[in-house]
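Colleague:
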Amino acid sequence: MKHLFTSVIALLVTFAVAAQPGAQQIPVIPADRAVRVGTLPNGMKYYLRHNDKQKNLADFYISHDVGAIQEEDDQQGLAHFLEHMAFNGTKNLPGKMLIEYLETVGVKFGVNLNAGTSWDYTQYLLKDVPTVRPGIVDTAMLILHDWSHFIALQPKEIDAERGVIMEELRMRDGAQWRGTIQLLKALGKGTRYEHRNLIGYLDGLKSFDHSSLENFYKKWYRPEYQAVVIVGDINVDEVEAKLQKLMSDIPASPADAPQKEVIVVPDNKEPIISIFEDPEMTESGASLFIKRQALPKQYNNTVIAEQLALIDALADEMANGRLREIAMKPNAPFTGARFMNGSIGICPTLSCAGFDVNTQDGKLLAGIEAAYTELERIRRHGFTEGELERAKQRVMKMQEVAYNNRNDRKNGQYVQRYLNAFRKNAAMPDAETEWKLDSTIIANLQLPMINQAMQQYITEHNQVLVVQAPKREGLVNPTEAQFAEVLAKVKAATIEPYADNTVKEPLIPADKKLKGSAVKKEAQNEAYGTTTWTLKNGMKVVVKPTKFKADEVQVSMIAHFGQSSLSDELYWPSAFLSTFMGRMGVSKFSATDLRKQLSGKSVSLHISPDDYETGISGMASPKDLETLMQLIYLQFTDPRFSKEDFDVAMAQLKPYIENLQTNPDYISAVERQKTLYGNHFRRQQVTPALFDKVKFELLEPAYRALYSNAADFTTYIVGNVDLEALKPLVEKYLGSLPVSKKLNKKVDDGVQAVKGEVVNDFKAKMQQPKVGVTRIYTGPIDYTMKNRVAMNVLSQVLRSRYTISIREEKGGTYSVGVGGRVMADYKPWYQLIVLFDTNEQMADELSQIVIDEIKKIATDGPNKEDVEKTRKYLLKEYENQIQQNGTWVDWLDLYNYRGMDSLAEYKKAVEELTYDDLKALAAKVLNDNNMAYIVMRPEK
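When we follow the numbering used here, the leftmost residue of the sequence shown carries the number 43, and every step to the right adds one.
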């Protein structure tokens, strides 16, 4: 692999130096001057940046350049366990004080307050922390200080957390997780990666000594492996001074402190083949990894690294375009495939080329052969000039959008860049430098250079093939020898060059005259900052110009009727319209041709039919807004229905749906829907029998029933638009849509949640025994802002209670999901759902706690601290949400259709909600006496 790296460097270094006149070595990309970077005397690094895009908010991170790979064999799972303990007491914030304090200022545990452990790093985060008071900023920094060196690790807290983490393991231990572990064993063969699963194993989690955890902490949580990143509405000078003083009591490591091992995955001449079969696997698939040495860390901030990244991006575009074409053909050998090239997220010294492929059951050999043949075609013949031209257009467009939005970047975007700089020595240029550099590199990258890089990456050695497939009676998967044989077959085959076929014509012919419809009435709403146009054809268009994102315009057309108005025969075909229409393209353009046609444009469009609402939504750069309008016009006037594309999609989707029926989580979802809606035909998770009702000849009638009359829809346009430039586009394209005076109306389909208490206690086969518990409360309620806010607050207060009573005190689950919402539908109603996974011994006890906590609120009122924490969080999030274009689309539709003034009512409802309001709502939930109780237990 070292020889390969040297070859690639030799390939690029001449261009890199030539691109920088006078340079005598590989140029380093200059860092953004707006970020303050420093290293403390103890070795800890810091990255600080002022960003006021999110007013009065900042993100605080501490990253540790160590993870599960540093564990010894008898410490498996302790890196992750240590991450949990950081929330169970530190030197300055003992017990749960850390969580309790942060929630009082609107920083919500699990949302804004979290952490994550990977194989190679661990990071802790406080997001969207208010900076309005210096004390909040000081406390956030104190928390980072304690996470660095002063996690308490109290024995009692360690023992209490064992149950939580064992339940997390139980929750995660599904087929996908087991497949990931199997993949690591193959890809990391001969290294520690072969034996690390992040969470550990039940026996070890139950019995490890407290001292083992403390030893891991002291050995690896050291300042030279740590970096603090703080970005937001802060005074950088003040924060830097405080940080330097605060972290001064963390000692530097001794000279003889252990150093991290640099792990290099060994070469292999013959392919390593790993086969993983699991009864809960939902589809057959394989991944081919062709290993190579990653670019050494010291080059990651140079022009060479940026060139390689752009070569990877261009190759991804071109290779994936080919694979998509194959997947869309009749009798395709695979249902989907993806080319990969570059870092795979583990082992910093490893990069890979290769592919992921999914197939119908029993067709793994054909799928692997087809995907590998395409890889070999690239290696032998390279890409074409036409492919490169389109790929450059797409990649340049993505870079252009990022550059245009440079002044709208949220704190998190900067944070991720600085974390990469710390862990990987990645470059962190300012937007101007990055845009100019990337534009120059892309313009100068020629096809021979990219093709030569592919020849270096796609080799016959260092191959690892990982196969994953369902295990069930009647399905015989290929053997290791057969997989080896198909790889050898491709290597020996004669493979012709790729033939690039491109449709080059406008979406709408230039000579086609659209009748259009002029604006006959214009009205302004000063409070909402909107202009409403009523066209002569009756269409209504509401426009709100914003500056939230310089390169974004959202267009949503919403009609307040939906699938409830359709016959039973058309219901399930309509439920899958968005899936099939997205695969068919529009007008004369197939999905493949349409993608080629839109190269170099930032535009997307999708339809979204629902039971009581029908939508069509799109997004575009301002300069591509006319293209979006053309797509909307064609979606209404010339939708494409292709039997060939339909059959391909059915062949891909049906086996997946069949395999879902053995997945315990999906089985639980199926039973949940059946129980809640009394097994109603229109409210079920899809099963093979229901999917069989989706017929090609029914798609068009279902579509026409929903999308034939544009007058049913109100159009909302929100984003960086100029009214004068937009108006003629609206008149031309929306004004030419088919309209009728006979409008569709919302229909009552009679679907309701069950009345009374209904219990479904069933058993399912599963590899990791667990019990899934769900309680769903329903009832009628007025659709008001006050009720919507109250139900949201009640659900969050309950989540806080369950975190304490079920997770922390009982150690019975990793998390309790709680969701409460008020829905309009045909008749307004509410749903409060509580669900969690646990072990067989504790399921019934914990399920009773769910009821008890609701009863406490109904009898005694809510915990006032929980309410105030939630209120703080919602008010903080409100300030975030009003800076999002999508929020305004929702608010404008609520205002236009229901007269609900979110701008005036939401904040007021949050501020004025009382404890008695929540007490009354909890009592209503219980007194309505409508509850679906679903319990999934393991089949013995």
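Using N, Cα and C, we set each Cβ at its ideal position, and we do this for glycine too.
What residue range is occupied by the uninterrupted alpha helix (DSSP H) comprising P706?
Modeller: 706-718
Colleague: Run through DSSP, which three-state label would N486 get?
Modeller: Three-state DSSP puts N486 in a helix.
Colleague: Contact check, N701 vs T173 under 8 Å by CB: the rounded distance?
Modeller: Cβ atoms of N701 and T173 stay farther apart than 8 Å, at about 49 Å.
Colleague: Would DSSP call S659 helix, strand or coil?
Modeller: strand
Colleague: Look at the alpha carbon of D958 and the alpha carbon of D908, and state the distance between them as a whole number of angstroms.
Modeller: 14 Å
Colleague: Would the beta-carbon of I550 be found less than 7 Å away from any heavy atom of the ligand COA?
Modeller: For the structure depicted, the ligand COA is absent and the ligand set is empty, with no information on it obtainable.
Colleague: With three or more C-beta pairs closer than 8 Å as the rule, is the segment 592-606 touching the segment 759-775?
Modeller: yes
Colleague: Keeping to the same chain, check which residues put their C-beta closer than 6 Å to that of V270; ignore five residues upstream and five downstream.
Modeller: Y88, I104, L186
Colleague: Cα separation between R234 and F123?
Modeller: 19 Å
Colleague: Could you spell out where the beta strand (DSSP E) holding G859 opens and where it closes?
Modeller: 859-865
Colleague: Look at the alpha carbon of K582 and the alpha carbon of D652, and state the distance between them as a whole number of angstroms.
Modeller: 21 Å
Colleague: Just list the beta strand (DSSP E) runs in the segment 105-193, keeping only unbroken ones of 3 residues or longer that don't cross its boundaries, in chain order.
Modeller: The DSSP assignment places 155-159, 164-172 as complete runs of the beta strand (DSSP E) inside the segment 105-193, in order along the chain (cut-off: 3 residues).
Colleague: Can you tell me whether Y749 is buried or exposed, with buried defined as 16 or more other CB within 10 angstroms of its CB?
Modeller: buried
Colleague: Return the chain-ordered ranges of every alpha helix (DSSP H) run that is complete within the segment 221-300 and spans a minimum of 4 residues.
Modeller: 244-249, 252-262, 278-288
Colleague: Spatial neighbours of S778 within its chain, please: CB distance less than 8 Å, with the 5 preceding and 5 following residues excluded, ordered by chain position.
Modeller: L556, K557, G558, S559, Y675, T679
Colleague: Between the C-alpha atoms of A946 and G148, what's the straight-line distance to the nearest angstrom?
Modeller: Going from the Cα of A946 to the Cα of G148 covers about 21 Å.
Colleague: State the DSSP-derived secondary structure class of G428, mapped to helix, strand or coil.
Modeller: If DSSP states are grouped into helix, strand and coil, G428 belongs with the helices.
Colleague: Jot down the residue ranges of each uninterrupted beta strand (DSSP E) in the segment 302-372, minimum 3 residues, whole runs only, in chain order.
Modeller: The segment 302-372 contains these whole beta strand (DSSP E) runs: 314-320, 326-335.
Colleague: What do you get for N834, buried or exposed, if any count of 16 or more other CB atoms within 10 angstroms of its CB means buried?
Modeller: Per the 10 Å Cβ criterion, buried.
Colleague: How big is the Cα-Cα spacing for A534 and G384?
Modeller: 26 Å
Colleague: Are the segment 765-775 and the segment 598-617 touching by the rule of at least three beta carbon pairs closer than 8 Å?
Modeller: no
Colleague: Please report the distance separating the alpha-carbon of A900 from that of M973.
Modeller: In a straight line, the C-alpha of A900 is about 16 Å away from that of M973.
Colleague: Which residues in the same chain have their Cβ closer than 6 Å to the Cβ of D666, if we skip the five residues on either side of it in sequence?
Modeller: K643, S644, V645
Colleague: From K133 to D188, what distance separates their C-alpha atoms?
Modeller: 6 Å
Colleague: Just to confirm, is the Cβ distance from N449 to D101 under 8 Å?
Modeller: no
Colleague: Distance, Cα to Cα, N93 vs Y456?
Modeller: 9 Å
Colleague: Round the Cβ separation of Q810 and D215 to the nearest angstrom and send it over; I've been treating them as touching at under 8 Å.
Modeller: 4 Å
Colleague: Figure out for me which residue from G861, A444, I368, E359 has the closest Cα to the Cα of P432.
Modeller: This sequence places Arg at residue 432; Pro is not what is there. Comparing Cα-Cα distances from R432 to each of G861, A444, I368, E359, the minimum goes to E359.
Colleague: Name the one or two DSSP bridge partners that A693 has.
Modeller: For A693, which the question treats as bridged, DSSP gives no partner whatsoever.
Colleague: Assuming I976 and T826 form a contact by the criterion Cβ under 8 Å, report the distance between their Cβ atoms to the nearest whole angstrom.
Modeller: Wrong, their Cβ atoms sit about 30 Å apart, outside the cutoff.
Colleague: Can the beta-carbon of L350 be found closer than 8 Å to that of I484?
Modeller: no
Colleague: I'd like to know whether the C-beta atoms of W23 and A194 end up nearer to each other than 8 Å.
Modeller: Shown here, the chain extends from 43 to 982; a query on residue 23 therefore has no answer.
Colleague: Alpha carbon to alpha carbon, how far is T855 from T415?
Modeller: Rounded to the nearest angstrom, the two C-alpha atoms are 47 Å apart.
Colleague: I need the boundaries of the beta strand (DSSP E) containing Y872, first residue and last residue.
Modeller: 871-880
Colleague: When the distance is taken between beta carbons, is P780 closer than 8 Å to I823?
Modeller: Contact check for I823 against P780 fails: the beta carbons are separated by 8 Å or more.
Colleague: Assuming F464 is part of the alpha helix (DSSP H), what are its boundary residues?
Modeller: 453-466
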